[in-house]
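> Before I ask anything, here is the structure I am working with.
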């Protein structure tokens with residue numbers, strides 16, 4: 004009987020035949036699944052396998068930071084604050100000083 008043994012072979016779908024849609028399934032869902040929706044149990048097992056992106060080489064350069072003092076030209080009290088800033092970046096004036104607007108209030 005060994006000579007009668009034949010391994011099971013999955014039938015290969017023909018590309019010429021149009022894929023039939025499932026009844027009661029939205030067109031968008033059908034297109035997202037590629038026309039072959041998997042059962043929920045097999046989808047959960049395939050999602051459990053982590054897939055990591057490869058690390059890009061040569062794209063990451065170290066950035067150096069320094070603790071720098073700054074003064075805001077919009078302030079009249081001369082307060083000097085400090086914050087972290089990329090090394091080598093110099094400001095002529097504090098960039099957010101342009102948002103200091105003074106309005107004339109009308110009094111009756």
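In the working numbering, the protein residues as written are 4 to 111.
Yeah, the Cβ is synthetic: ideal placement off N, Cα and C, and Gly gets one too.
Only a predicted model underlies this, so the values are computations on that prediction, with no experimental measurement involved.
(1) Give a yes or no on whether the C-beta atoms belonging to residue 70 and residue 85 are separated by under 8 Å.
(2) Rounding to the nearest angstrom, what Cα-Cα distance links residue 8 and residue 15 in this structure?
(3) Measuring alpha carbon to alpha carbon, tell me which of 88, 79, 80 ends up nearest residue 72.
(4) Closest to residue 101 by CA distance: which of 82, 111, 75 is it?
(5) Going by DSSP, what residue range makes up the beta strand (DSSP E) through residue 84?
(6) Start and end of the beta strand (DSSP E) containing residue 71?
(7) Look at the alpha carbon of residue 79 and the alpha carbon of residue 90, and state the distance between them as a whole number of angstroms.
(8) Helix, strand or coil, according to DSSP, for residue 55 in the structure here?
On the basis of the coordinates in this document:
(1) Contact flag set, yes.
(2) If you draw a straight line from the Cα of residue 8 to the Cα of residue 15, it comes to about 21 Å.
(3) 88
(4) 75
(5) 83 to 89
(6) 68 to 74
(7) The straight-line gap separating the alpha-carbon atoms of residue 79 and residue 90 is approximately 28 Å.
(8) coil
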